[in-house]
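One rule links them: number in my numbering = place in the sequence shown (from 1) + 29.
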Amino acid sequence: MHSMTTEYLGDLRTSAVHLKSNNKIITDAPVDNNGKGEAFSPTDLVSSALSSCMMTLMGITASREDIDLTGLKANVTKVMGANPRKIAEIKIDFSIDNLNATDVQKEKLKRAALTCPVALSLSESIKQSVTFSF
């Protein structure tokens, strides 16, 4: 059984619905690709999925290590390439103030992030530049 549906709404916009929760995501083509840029583009979602997946895996590790990651933030930059138009690089800068963790625990958090399922699923042609400020 499928877990989500997507519908084309016209004008380069789609609506995706997660069936279990009924949460909805709207996408719009970016301005530089004939769209209005009024919502996440599909390539924005790929970049956001990478940062969210990394945070989730860090959260699992933090829970196991009794570390509070509340307030962890990620600044995400997507770099598009041309010919063909595709994601060339995703830059993610993670930061959290006053993380109460040992150096060993911090390394576990970093390793968890870098081995999340989305990171491992993306093409090797997409550079993943990730920094951690904690």
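The beta-carbon is built from N, C-alpha and C at its ideal position, and this holds for glycine as well.
Top-ranked residue by Cα proximity to residue i, from the options
i, options, result
"Ala142", "Phe123, Lys156, Asn127", "Phe123"
"Lys120", "Lys107, Thr43, Pro59", "Lys107"
"Ser162", "Lys65, Ala103, Lys156", "Ala103"
"Arg114", "Ser154, Ala45, Tyr37, Leu48", "Ser154"
"Gln157", "Thr99, Val133, Ala117, Pro146", "Ala117"
"Leu151", "Leu101, Asp132, Cys82", "Cys82"
"Asn127", "Asn62, Leu98, Gln134", "Leu98"
CB contact flag (residue i, residue j, <8 Å)
i, j, result
"Ile89", "Asn129", "no"
"Lys139", "Glu94", "no"
"Ala78", "Val147", "yes"
"Met30", "Ala45", "no"
"Leu101", "Gly64", "no"
Cβ shell of residue i (< 6 Å), same chain only, five flanking positions each side left out
i, result
"Ser105", "The sequence given here has Val at residue 105, not Ser. Once the five neighbours on either side are set aside, the close Cβ partners of Val105 are Ser76, Ser80, Ile121."
"Glu67", "Asp57"
"Ile54", "Ala45"
"Ala91", "Leu98"
Residue environment, residue i, which counts as buried when at least 16 other CB atoms sit within 10 Å
i, result
"Leu200", "Limits of the chain in this structure are 30 at one end and 163 at the other, which puts residue 200 out of reach."
"Met84", "buried"
"Asp132", "exposed"
"Asp57", "buried"
"Ile125", "buried"
"Ala111", "exposed"
"Ser70", "buried"
"Leu86", "buried"
Beta-bridge pairing of residue i - partner residues as DSSP gives them
i, result
"Phe69", "Partner(s): none; Phe69 has no beta bridge."
"Ser162", "Ser124"
Cutoff 8 Å; reference residue i; Cβ partners in own chain excluding five residues on either side
i, result
"Lys135", "Leu128, Phe161, Phe163"
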